[in-house]
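One structure below.
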Amino acid sequence: MIKKTFKRGVHPHIPGGGKKATRDLPIEDYVSDSVVIHMAMNIGAPATPCVKKGDPVKIGQVIGTPNGFMSVPVHASVSGEVTAVEDIPYLGTGNVKAVFIKNDFLNTWEDHRPLGDVEQVDPSLIIPAIRDAGITGMGGASFPTHVKLTFPEGSSCDTILVNGAECETHLTADHRLMIEESRRIVNGLRAVMRAVNVPKAIIGIEDNKPEAISAMQEAVSDREGISVQPLKTKYPQGGEKQLIQALTGRQVPAGKLPIDCHVVVLNVGTCAAIADAVTEGKPLVSRLTTVTGCVNTPKNLRVPIGTRVEDMIGACDGFSEEPGKIFFGGAMTGIAIPNISTPTAKSTNGIVALNEKDARSLDETACIRCGRCVAACPIGLNPYKIKVAADASDFETAEKLHVMDCMLCGSCAYVCPARRWLTPSFRFAKDKITAERKAKAAKAAAEKGGANQ
Amino acid sequence: MIIVYAGLLLGVLGLVFGGVLTFAAKKFHVEVDERVNQIKECLGGANCGACGYAGCDAFAQAVVDGKAPIDGCAPAGAKGIEKIGKIMGMEANVGERLVARVICQGTHGIAKDRYVYDGYKSCAVAAGLAGGPKDCRFACLGLGDCQDKCKFDAITMENGIAHIDPDKCTACGACVKACPRSVISLMPESQNVIVRCRNSDVARAARAVCMDACIGCGRCKKECKYDAIVVENGYARIISEKCTRCGECAAVCPCKCITIE
Numbered sequence: 010m011i012k013k014t015f016k017r018g019v020h021p022h023i024p025g026g027g028k029k030a031t032r033d034l035p036i037e038d039y040v041s042d043s044v045v046i047h048m049a050m051n052i053g054a055p056a057t058p059c060v061k062k063g064d065p066v067k068i069g070q071v072i073g074t075p076n077g078f079m080s081v082p083v084h085a086s087v088s089g090e091v092t093a094v095e096d097i098p099y100l101g102t103g104n105v106k107a108v109f110i111k112n113d114f115l116n117t118w119e120d121h122r123p124l125g126d127v128e129q130v131d132p133s134l135i136i137p138a139i140r141d142a143g144i145t146g147m148g149g150a151s152f153p154t155h156v157k158l159t160f161p162e163g164s165s166c167d168t169i170l171v172n173g174a175e176c177e178t179h180l181t182a183d184h185r186l187m188i189e190e191s192r193r194i195v196n197g198l199r200a201v202m203r204a205v206n207v208p209k210a211i212i213g214i215e216d217n218k219p220e221a222i223s224a225m226q227e228a229v230s231d232r233e234g235i236s237v238q239p240l241k242t243k244y245p246q247g248g249e250k251q252l253i254q255a256l257t258g259r260q261v262p263a264g265k266l267p268i269d270c271h272v273v274v275l276n277v278g279t280c281a282a283i284a285d286a287v288t289e290g291k292p293l294v295s296r297l298t299t300v301t302g303c304v305n306t307p308k309n310l311r312v313p314i315g316t317r318v319e320d321m322i323g324a325c326d327g328f329s330e331e332p333g334k335i336f337f338g339g340a341m342t343g344i345a346i347p348n349i350s351t352p353t354a355k356s357t358n359g360i361v362a363l364n365e366k367d368a369r370s371l372d373e374t375a376c377i378r379c380g381r382c383v384a385a386c387p388i389g390l391n392p393y394k395i396k397v398a399a400d401a402s403d404f405e406t407a408e409k410l411h412v413m414d415c416m417l418c419g420s421c422a423y424v425c426p427a428r429r430w431l432t433p434s435f436r437f438a439k440d441k442i443t444a445e446r447k448a449k450a451a452k453a454a455a456e457k458g459g460a461n462q
Numbered sequence: 005m006i007i008v009y010a011g012l013l014l015g016v017l018g019l020v021f022g023g024v025l026t027f028a029a030k031k032f033h034v035e036v037d038e039r040v041n042q043i044k045e046c047l048g049g050a051n052c053g054a055c056g057y058a059g060c061d062a063f064a065q066a067v068v069d070g071k072a073p074i075d076g077c078a079p080a081g082a083k084g085i086e087k088i089g090k091i092m093g094m095e096a097n098v099g100e101r102l103v104a105r106v107i108c109q110g111t112h113g114i115a116k117d118r119y120v121y122d123g124y125k126s127c128a129v130a131a132g133l134a135g136g137p138k139d140c141r142f143a144c145l146g147l148g149d150c151q152d153k154c155k156f157d158a159i160t161m162e163n164g165i166a167h168i169d170p171d172k173c174t175a176c177g178a179c180v181k182a183c184p185r186s187v188i189s190l191m192p193e194s195q196n197v198i199v200r201c202r203n204s205d206v207a208r209a210a211r212a213v214c215m216d217a218c219i220g221c222g223r224c225k226k227e228c229k230y231d232a233i234v235v236e237n238g239y240a241r242i243i244s245e246k247c248t249r250c251g252e253c254a255a256v257c258p259c260k261c262i263t264i265e
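For the protein sequence lines, the chains are A and B, in the order given.
Position one of the first sequence corresponds to residue 10 (our numbering), numbered consecutively onward.
Position one of the second sequence corresponds to residue 5 (our numbering), numbered consecutively onward.
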């Protein structure tokens, strides 16, 4: 079969993509004796906690109510007692509210009502069910799924793409999910197809996962309109825009969304969560996370959302050597966590602990104008030029060079022989430009408000 | 012989071009108000942009045009502003010289570290990763965003916090704008008694993250005979106009967060 792909990109030189340790390990369940569920699980406004200290909670009970359309509810992931509702520092700027729950191991579920079989259920009920189940994109960006499936006025969708590429190094959570629970993924996908009335779907999987490809092919064999497409193993194949280009040949224009090319991209994990929400009526309370790197027994764990990293490392028999850095996500796009009591979120697809040697930061040297970053950039930007502008705080020039289209995949920094810190500069520039745009919009809104009075 | 011809030719060419240039200079002469040049000499000369104009030239022109105030250039200092006032024939209203000061003493070991940060060397970036590498959310992060912006080489990083040399500081305010934590403020130079903390958390939380945090206990306020200290938002603040710089407050502060320069 033809293997499709996108232009440029890189091949990280980690043997087997760092996936060898966990790719053949079946999914294991692990439940810790306490969880910390924070309220900023999605992009957009964080939820508001609606329980207080001492409240008994059941699995699936709403503990955070959403604020607005871009927000989803947060559910208790274990049954037990709320021990605290406090501010905790999380990965981003500032503190977020978090609910601490002590597990009573009784496993009592809040009442949940299944909608029924995905092929029979009333399609208009599916998107509200997805929202109420608190489902966000489980590939990493935490975009609320019901927002993605509610198309803006005047746009249409002809294909649903399912992202099973898992191009990120070290991670095997999606891989195992596709092998062991391919039925769930297909059920979820069918539910989405019926909800938005789209007859065609393509599941894209990198060719380093032949077992996953055959498992998914078998699962879709009796379903109409769904096909499985092998993709070349290349980073960042699982980037949304790269996947669209590989599977449909369409390019998402700068600053536009996939829906402007008439496609919607969902992660395989998201599809599985949607299947649970529809066929069982269960909200999103657990997820699959790969724990790997310098731990004694790397594992693919299914954990309740909010499980602390230290508990999960404990479930993997501790560190095998002194860790230098621990990431949420793989080695290319992962975010370093400040300490091991950080809780996982709905988007935590992997925990990678690197030893001190692998985690060391190298000092950057001067650009030698070799152009490898340009050859690697999957979007076709000029990373070395943007870096100069961003470092000089010349954000106007950086914006002209399309830094806002950078998805921070890290391909340029990975290939740079001068070890330039390209991606951090771009993140900095993007944050600054976003803040500036927000301030401008707020000012314009205030002026408009003043004129109306 | 050839060398003579070559020399002659070049000489003639030189004379012709010189004549053209002289003619052009006279013919297309642009009148520049001499006050612009005079004012330019009084300015800081670093093109720091703190005045809001593109550079010192643009500011000098704006002053002559009456668009910019004569005291718009902070680096010019009191003397410079007086001179500009004389040139423009206006009364210069020169206040006291200001200097930028760092309102934080959270050096390594004093302020608790949250994690070891070895990423991109920028306070703004570090502040966006799990709330910053120091536990205190008001602390100076010491990665040098202010240092990068200082055109006068007045800022150094010492032991994890910024340190400003008051002699080199021109109060242009570039560092104040650059700081993501707002720990730098402009103060009158004579104000040498300074509360070096702005942690507005409750006392227990503030003390938990920094040994030198102001806990808002109010001892300094009680001690002050001139009513120059207010305690609000959980920290003490000195009112410069009322303060006599006696230093009594610094002597009683249990957290050592009032210092005398």
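Idealized CB from N, CA, C, for every residue including glycine.
Predicted model only: the values in this text are computed from it and were never measured.
query: Thinking just about the alpha-carbon of each residue, which of Arg-232/A, Glu-220/A, Tyr-423/A, Pro-35/A is nearest to the one in His-22/A?
result: Closest option to His-22/A, judged by alpha-carbon separation, among Arg-232/A, Glu-220/A, Tyr-423/A, Pro-35/A: Tyr-423/A.
- prompt: Does the count of Cβ pairs from the region 151-160 of chain A and the region 221-237 of chain A closer than 8 Å reach three?
  reply: Contact fails: fewer than three Cβ-Cβ distances are below 8 Å.
task: Taking Val-3/B and Arg-39/B to be in contact with their CB atoms under 8 Å, please state how far apart those CB atoms are, rounded to whole angstroms.
output: Past the boundaries of the shown model lies residue 3/B; chain B is included only from 5 to 265, so the question cannot be answered.
message: Judging by CA-CA distance, which residue of Ala-455/A, Asn-348/A, Ile-11/A, Leu-34/A is the nearest neighbour of Leu-180/A?
response: That would be Leu-34/A, whose Cα lies nearest to the Cα of Leu-180/A.
message: Using DSSP's beta-bridge definition, name the partner residues of Asp-152/B.
response: Note: Asp-152/B is not bridge-paired with any residue in the DSSP secondary-structure output.
field: Status (buried if at least 16 other CB within 10 Å, exposed otherwise) for His-112/B
entry: His-112/B should be labelled exposed.
field: Cross-strand partners of Ile-68/A (DSSP beta bridge)
entry: For Ile-68/A, the beta-bridge partners assigned by DSSP are Trp-118/A.
message: Going by DSSP in three states, Cys-214/B sits in which element: helix, strand or coil?
response: Cys-214/B: strand per DSSP, three-state reduction.
query: Are the CB atoms of Ala-217/B and Asn-203/B nearer to each other than 8 Å?
result: Yes. Within cutoff.
field: Alpha-carbon spacing of Leu-124/A relative to Gly-290/A, whole angstroms
entry: Straight-line measurement puts the Cα of Gly-290/A at about 6 Å from the Cα of Leu-124/A.
query: Are the C-beta atoms of Val-129/B and some chain A residue less than 8 Å apart?
result: With its beta carbon less than 8 Å from one in chain A, Val-129/B belongs to the interface.
- prompt: What does Arg-118/B reach in chain A if we use C-beta pairs closer than 8 Å?
  reply: Correct list: Pro-98, Pro-347, Asn-348.
- prompt: Which class does Glu-456/A belong to by DSSP, given the choice of helix, strand or coil?
  reply: Glu-456/A: helix per DSSP, three-state reduction.
message: Cutting at 6 Å between CB atoms, please list the residues of its own chain near Cys-127/B, excluding the five before and the five after it.
response: Excluding positions up to five away in sequence, the list reads Leu-145, Leu-147, Asp-149, Pro-184.
task: Would you list the residues sitting across from Ser-80/A in a DSSP beta bridge?
output: Its beta-bridge partners do not exist; DSSP assigns none.
task: Run the CB neighbour count on Met-5/B, radius 10 Å, all protein chains shown included, and call it buried at 16 or more, exposed below.
output: By the 10 Å Cβ count, Met-5/B comes out exposed.
- prompt: Under three-state DSSP, which class holds Ala-340/A?
  reply: Assignment of Ala-340/A by DSSP, reduced to helix, strand and coil, places it in the coil class.
field: 8 Å Cβ cutoff, Phe-437/A in contact with chain B
entry: Using a Cβ-Cβ cut-off of 8 Å, Phe-437/A counts as an interface residue toward chain B, since at least one Cβ of chain B sits closer than that to its own.
Below-8 Å beta-carbon distance, Gly-234/A vs any chain B residue: Under the Cβ criterion of 8 Å, Gly-234/A is not counted among the residues facing chain B.
Contact between the region 347-361 of chain A and the region 385-396 of chain A (3+ Cβ pairs under 8 Å): At 8 Å Cβ cutoff, the stretches do not touch.
DSSP bridge partner residues for Tyr-244/A (one or two, in chain order): In the DSSP output, where bridge partners are listed per residue, Tyr-244/A has Val-19/A.
- request: Give me whichever residues DSSP pairs with Gln-260/A in a beta bridge.
  value: None, per the DSSP bridge assignment.
- prompt: Hey, Ala-286/A and Ala-138/A are a contact pair by Cβ (cut 8 Å); roughly how many whole angstroms apart?
  reply: With a beta-carbon spacing of about 5 Å, Ala-286/A and Ala-138/A fall inside the 8 Å limit used to define contacts.
message: Short of 8 Å Cβ to Cβ, which residues in the region 352-386 of chain A face chain B?
response: Within the region 352-386 of chain A, contact with chain B at the beta-carbon level (separation under 8 Å) is assigned to Ser-370.
- prompt: Cβ of Leu-133/B less than 8 Å from any chain A Cβ?
  reply: Taking a beta-carbon distance threshold of 8 Å, Leu-133/B counts as an interface residue toward chain A.
message: For the alpha helix (DSSP H) containing Gly-251/B, name the first residue and the last one.
response: Segment: none, Gly-251/B is in no alpha helix (DSSP H) and carries neither H nor E.
task: Go ahead and label Thr-374/A buried or exposed: buried means 16 or more other beta carbons lie within 10 angstroms of its beta carbon, across all protein chains shown.
output: That one is exposed.
query: Per DSSP, Tyr-230/B is paired with what?
result: Tyr-230/B is not bridged to any residue.
task: Output the boundary residues of the beta strand (DSSP E) element that contains Leu-297/A.
output: It spans 295-302 - the beta strand (DSSP E) in which Leu-297/A sits, taken as one unbroken run.
Rounded Cβ spacing between Pro-55/A and Val-105/A (contact assumed at less than 8 Å): About 6 Å; that satisfies the 8 Å criterion.
query: In chain order, which continuous runs of the beta strand (DSSP E) of length 3 or greater are located wholly inside the region 55-112 of chain B?
result: Within the region 55-112 of chain B, the runs of beta strand (DSSP E) that reach at least 3 residues and sit entirely inside it are, in chain order, 102-106.
field: Which of helix, strand or coil DSSP assigns to Glu-236/B
entry: Three-state result, Glu-236/B: strand.
message: Starting from Lys-157/A, trace the alpha helix (DSSP H) in both directions and tell me its first and last residue.
response: First-last of the alpha helix (DSSP H) with Lys-157/A: 154-158.
message: Can you tell me whether Gly-99/B is buried or exposed? The criterion is at least 16 other CB atoms within 10 Å of its CB, across all chains shown.
response: A residue is called buried when at least 16 other Cβ atoms come within 10 angstroms of its Cβ; Gly-99/B does not meet this threshold and is exposed.
field: Any chain A beta carbon closer than 8 Å to Ser-126/B
entry: A Cβ of chain A is located within less than 8 Å of the beta carbon of Ser-126/B.
query: Using CA coordinates, which residue listed in Val-45/A, Ala-448/A, Pro-387/A is at the minimum distance from Met-416/A?
result: When the alpha-carbon of Met-416/A is set against those of Val-45/A, Ala-448/A, Pro-387/A, the nearest one is in Pro-387/A.
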